[in-house]
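Asker: Numbering (our numbering), first residue to last: 162 to 298.
We treat Cβ as the ideally placed atom computed from N, Cα and C, and that holds for glycine.
Before we start, here is the structure in question, set down as structure tokens.
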């Protein structure tokens, strides 16, 4: 019986400590966020803040969602956050597929050039001809 009472008191203390710690950390986080905003407002001009907001909300996400190497992640984030114009989604997919085709063709040429040049001494001229799929002179 004593063990059950001790365990129950331990649970009550644990819940109390965790609850108060959560409230304390929440208020501390809000205070820090307000302080950061105050420092930003004092250290920069309003025009700078607005330009930063416009660039952050418009140009950079658009660029990242259309750039083939970052488009899968950036476009998924944009789709999760809000509506994306259909033309941007289609253009992103077309650029991604086009880049994939170009890279696959380049790797295939490099593989072919490596096979053609195996067993031969290295020559930059021979490598260029092998990459361009021409017969060396």
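Smallest Cα separation from residue 261: which of 222, 287 and 228?
Answerer: Among 222, 287 and 228, the Cα nearest to that of residue 261 is on 228.
Asker: Could you check what DSSP says for residue 206 in three-state terms: helix, strand or coil?
Answerer: DSSP places residue 206 in coil when its eight states are reduced to three.
Asker: If you draw a straight line from the alpha carbon of residue 176 to that of residue 186, how long is it in whole angstroms?
Answerer: So the alpha carbons of these two residues sit roughly 15 Å apart.
Asker: If I follow the unbroken alpha helix (DSSP H) through residue 231, where does it start and stop?
Answerer: Run containing residue 231: none; DSSP gives neither H nor E here.
Asker: Which stretch, first to last residue, makes up the alpha helix (DSSP H) that contains residue 279?
Answerer: Where residue 279 is concerned, there is no enclosing alpha helix (DSSP H), given that its DSSP letter is neither H nor E.
Asker: Report the three-state DSSP secondary structure of residue 294 (helix, strand or coil).
Answerer: Three-state result, residue 294: coil.
Asker: When the Cα atoms are used, what is the spatial distance from residue 284 to residue 291?
Answerer: Going by the C-alpha atoms only, they are around 11 Å apart.
Asker: I need the DSSP call for residue 245, collapsed to helix, strand or coil.
Answerer: Residue 245 falls in the coil class under three-state DSSP.
Asker: Rounded to whole angstroms, how far is the Cβ of residue 235 from the Cβ of residue 225, which I believe are closer than 8 Å?
Answerer: That belief holds up - the Cβ atoms of residue 235 and residue 225 are roughly 4 Å apart, short of 8 Å.
Asker: According to the Cβ coordinates, are residue 279 and residue 253 closer than 8 Å?
Answerer: Cβ atoms of residue 279 and residue 253: not closer than 8 Å.
Asker: Distance check for residue 184 and residue 166, CA to CA, integer angstroms please.
Answerer: Cα to Cα, the separation comes out at about 27 Å.
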